[in-house]
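Quick mapping for you: the protein sequence lines, in order, are chains A and B. Per our numbering, the very first residue in the first sequence carries number 1; after that it's consecutive. Per our numbering, the very first residue in the second sequence carries number 1; after that it's consecutive.
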Amino acid sequence: MPIVLIVAEQQPDGNLRKATLNAITAGRTLAEKAGAEVHVVLLSKDPSKVSEELKGLGVKAVHTAGAPELEHYLAEVYTPVIAGLAQELKADYVGMASTAMSKDLMPRVAARLKAAMASDVMAFNGSGADVTFTRPMWAGNVFAEVKLTTPVKAFTVRATEFPAAQGGLPAAEVKAFTPKLEASKTKFVDFKEVKSARPELTEARVVVSGGRGTKGDFKEIEALADQLGAAVGASRAVCDAGWVPNDLQVGQTGKVVAPQLYIAAGISGAIQHLAGMKSSKTIVAINKDPEAPIFQVADYGLVADLFKVLPELRQALRSLE
Amino acid sequence: MKILVTAKRVEDPESKIKVKPDGSGIVQEGLKYKINPFDEIAVEEGLRLVAKHTGEVVVVSIGGKEVQEQLRHALAMGAHRAVWVNHTGPLDQLGIAGLLQKVAEKEKPDLVVLGKQSIDDDQNQVGQYLAEFLGWSQATFASKVESLESEQEKNKAPALLVAADNKTVRVVREVDNGLTTLECSLPAVVTTDLRLNMPRYASLPGIMKAKSKPIEELTPEKLAVDVTPKIQVLKMSSPPPRKAGIKVPDVAALVDKLRNEAKVV
Numbered sequence: 001m002p003i004v005l006i007v008a009e010q011q012p013d014g015n016l017r018k019a020t021l022n023a024i025t026a027g028r029t030l031a032e033k034a035g036a037e038v039h040v041v042l043l044s045k046d047p048s049k050v051s052e053e054l055k056g057l058g059v060k061a062v063h064t065a066g067a068p069e070l071e072h073y074l075a076e077v078y079t080p081v082i083a084g085l086a087q088e089l090k091a092d093y094v095g096m097a098s099t100a101m102s103k104d105l106m107p108r109v110a111a112r113l114k115a116a117m118a119s120d121v122m123a124f125n126g127s128g129a130d131v132t133f134t135r136p137m138w139a140g141n142v143f144a145e146v147k148l149t150t151p152v153k154a155f156t157v158r159a160t161e162f163p164a165a166q167g168g169l170p171a172a173e174v175k176a177f178t179p180k181l182e183a184s185k186t187k188f189v190d191f192k193e194v195k196s197a198r199p200e201l202t203e204a205r206v207v208v209s210g211g212r213g214t215k216g217d218f219k220e221i222e223a224l225a226d227q228l229g230a231a232v233g234a235s236r237a238v239c240d241a242g243w244v245p246n247d248l249q250v251g252q253t254g255k256v257v258a259p260q261l262y263i264a265a266g267i268s269g270a271i272q273h274l275a276g277m278k279s280s281k282t283i284v285a286i287n288k289d290p291e292a293p294i295f296q297v298a299d300y301g302l303v304a305d306l307f308k309v310l311p312e313l314r315q316a317l318r319s320l321e
Numbered sequence: 001m002k003i004l005v006t007a008k009r010v011e012d013p014e015s016k017i018k019v020k021p022d023g024s025g026i027v028q029e030g031l032k033y034k035i036n037p038f039d040e041i042a043v044e045e046g047l048r049l050v051a052k053h054t055g056e057v058v059v060v061s062i063g064g065k066e067v068q069e070q071l072r073h074a075l076a077m078g079a080h081r082a083v084w085v086n087h088t089g090p091l092d093q094l095g096i097a098g099l100l101q102k103v104a105e106k107e108k109p110d111l112v113v114l115g116k117q118s119i120d121d122d123q124n125q126v127g128q129y130l131a132e133f134l135g136w137s138q139a140t141f142a143s144k145v146e147s148l149e150s151e152q153e154k155n156k157a158p159a160l161l162v163a164a165d166n167k168t169v170r171v172v173r174e175v176d177n178g179l180t181t182l183e184c185s186l187p188a189v190v191t192t193d194l195r196l197n198m199p200r201y202a203s204l205p206g207i208m209k210a211k212s213k214p215i216e217e218l219t220p221e222k223l224a225v226d227v228t229p230k231i232q233v234l235k236m237s238s239p240p241p242r243k244a245g246i247k248v249p250d251v252a253a254l255v256d257k258l259r260n261e262a263k264v265v
């Protein structure tokens, strides 16, 4: 039976990155169409805790490799291990959720496997050996249906397009394997975490984003976000200006989000920003300029000064409780 | 140092992209073309590196003769010479990386710096494929700690820190939840993120000088690379339009809609 191998991602704090759950659903969707089974691979310094979580997600097998060299992710260290396992299993598809790690890793794994790759896949079409991939181009202004003609096919999936896999299914077999380690020409130096008590942008139910209209003052954005239990986002312009960390950037070149509610305050709505948020379920735009392009994608637009209406909005929402 | 940088020709990021009715591609009429913005950042970083360490910036582009415009632009910014891989017709990321591999083996640069993705295909793959094909160290999504309004940026200092012995480079990378720093042995492949630098404008003397700088012409045949695409684009379509929204007069009306219509608060 053909095999879809999904690469799980462990966060620096040791927990499973939630987008992996969406990637497993994507893997199962692909497997149904391709008549394949889903395997998962996890590389870690200590895979025991996360592999427990992975095995109840409705996959055929969980392959784990544990070694001190795998503590800090490096493309050159992880590539031979994952490609080696894919070759041993004779996997037909190798995929992962679209994250900073997979964007760095998966093309290198694909190169090792002489595989063509589709990035940010949103849907799988067709069946059997003729499965095709739908993916965005030109910042999401075009959806392309692509076919990969190499024997092994690699992909990343846009996590927001697939629901998270639920646990509690019959436990898959966990198979530990010895990683094929190669010397790396790259050394890990350090990781500086941007700590936040707010939810992760790509996982939040509500996102409140600020743009140039904030003039760099994010207090109102943050206050509303905290009241709603939301993540804070930003347009590229305010990240470039250094007003907020780039980690908050929503857009073609930043994070792609699709929350239940997206509130854009003081954001004009450049094409590249819209590409990162226009799949949100409900979009609210607040901007002083009635001609701002953000109003074209907003379900509810309010032409107003954000510094005046955000406090009012907080007050009104509080009175609902 | 010798730095190889790329200059892909892409549609102006501000242009409105429309799909042809038959789904065979995008409507080309009326579009303007530019260097891929991420590649422009790569050219800029290359120029800053040789300004600090001395050396040469070689810019490469792949495409029909129209890509000479983008090469001339990079030369006008200050790149020393150009390599043009003359190829028309479809080309996928494997093909691009295969051609760049041969150019890199010929040029033997200390660093290849290229955009993390091009704004047409949005694949984000070529640098990583190239690093693996060459067996080199890779650092993707290079960024910097300082803001684009910092002194360091005003002084046009490179963000990539090459060691005094020219054997390694330190790269700060943008990753989920923070920044990570890697030390790569040279030669290495680095891909650029948006916050690495602000590219310079081409000056008038730069534009004049660029006219006499050499462009070497190569082809996939000369480089012995089979560029038959392994990624076939079967069909393009426009994303489903969002249903038209409404303007609300005030906060009370907004909250009412959010509560009773969208049911999200």
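Backbone N, C-alpha and C define an ideal beta-carbon position, used for all residues, glycine too.
Residue environment: A:P163 is assigned as exposed (fewer than 16 neighbouring CB atoms within 10 Å of its CB, all protein chains considered). The bridge partners DSSP lists for A:D190 are B:T181. Neighbours of A:P107 in chain B, taken as residues at a C-beta separation under 7 Å, are given in chain order as Q125, Q128, Y129. In the three-state reduction of the DSSP assignment, B:I35 falls in the strand class. Chain-order list of chain A residues neighbouring B:P239: P136, G140, N141, V142, F143, K278, S279, by C-beta distance under 9 Å. A Cβ-Cβ contact shorter than 8 Å links B:A82 with B:I215. Unbroken beta strand (DSSP E) stretches of 3 residues or longer found wholly inside the region 139-202 of chain A: 142-148, 153-157, 173-176, 186-193, given in chain order. The three-state reading of DSSP puts A:E321 in coil, since its state is none of H, G, I, E or B.
Sequence-distant Cβ neighbours of A:V152 in its own chain, meaning closer than 6 Å and more than five residues away, are L113, A115. Close partners of A:Y300 in chain B (Cβ separation under 9 Å): G245, I246, K247, V248, A253, L254, K257, L258, E261, A262. A straight line joining the alpha-carbon of B:L100 with that of A:A304 spans about 51 Å. Against chain A, the CB of B:N197 has no partner CB under 8 Å away; the residue lies outside that interface. Residue pairing by DSSP puts A:Q10 in a beta bridge opposite A:L16. Ranking A:D190, A:K180, A:H63 by CA distance to the CA of B:E183 puts A:D190 first. For B:P13, the chain A residues whose Cβ falls inside 8 Å of its Cβ are A139, I271, Q272, in order along the chain. Judged by their CB atoms, A:F218 and A:G210 are nearer to each other than the 8 Å cut-off. In the structure shown, A:N246 falls within a helical segment according to DSSP collapsed to helix, strand and coil. Non-local C-beta neighbours of A:M122 in its own chain, meaning closer than 8 Å and more than five positions away in sequence, comprise T134, R135, P136, F143, V157, R158, E161, ordered along the chain. In this chain, the beta strand (DSSP E) harbouring B:Q232 covers 231-237. The DSSP-derived three-state label of B:K2 is strand. B:V265 is bridged by DSSP to nothing; it lacks a bridge partner. Taking B:G63 as the centre and dropping the five residues before and after it, the same chain places the C-beta of R9 closer than 6 Å to its C-beta, in chain order. Along the region 147-173 of chain A, the positions whose C-beta sits under 8 Å from a C-beta of chain B are K147, L148, T149, T150, read in chain order.
A:V94 carries a strand assignment under DSSP once its states are collapsed to helix, strand and coil.
Taken through DSSP and simplified to helix, strand or coil, A:M106 comes out as helix. Residue state for A:L274 is assigned as helix, using DSSP reduced to three classes. When the beta-carbon positions are compared, B:F141 and A:A100 come within less than 8 Å of each other. A:L105 counts as buried, since no fewer than 16 other beta carbons sit within 10 angstroms of its beta carbon.
Neighbourhood of A:K18 in chain B, by CB distance below 9 Å: empty, with the nearest CB roughly 11 Å away. Comparing alpha carbon positions, the residue from B:D110, B:V265, B:K243 closest to B:E56 is B:D110.
The alpha-carbon separation between A:T64 and A:V174 amounts to approximately 7 Å.
Inclusion of B:A97 and B:V5 in the CB contact set at 8 Å is not warranted, their separation being larger than that value. Residue state for A:V4 is assigned as strand, using DSSP reduced to three classes.
In the same chain as A:T79, and ignoring 5 residues on each side of it, the C-beta atoms closer than 6 Å to its own belong to R108, V109, R112, in chain order. Residue pairing by DSSP places B:W84 opposite B:S61, B:E217 in a beta bridge. Counting only the Cα atoms, B:K154 lies some 9 Å from B:M198.
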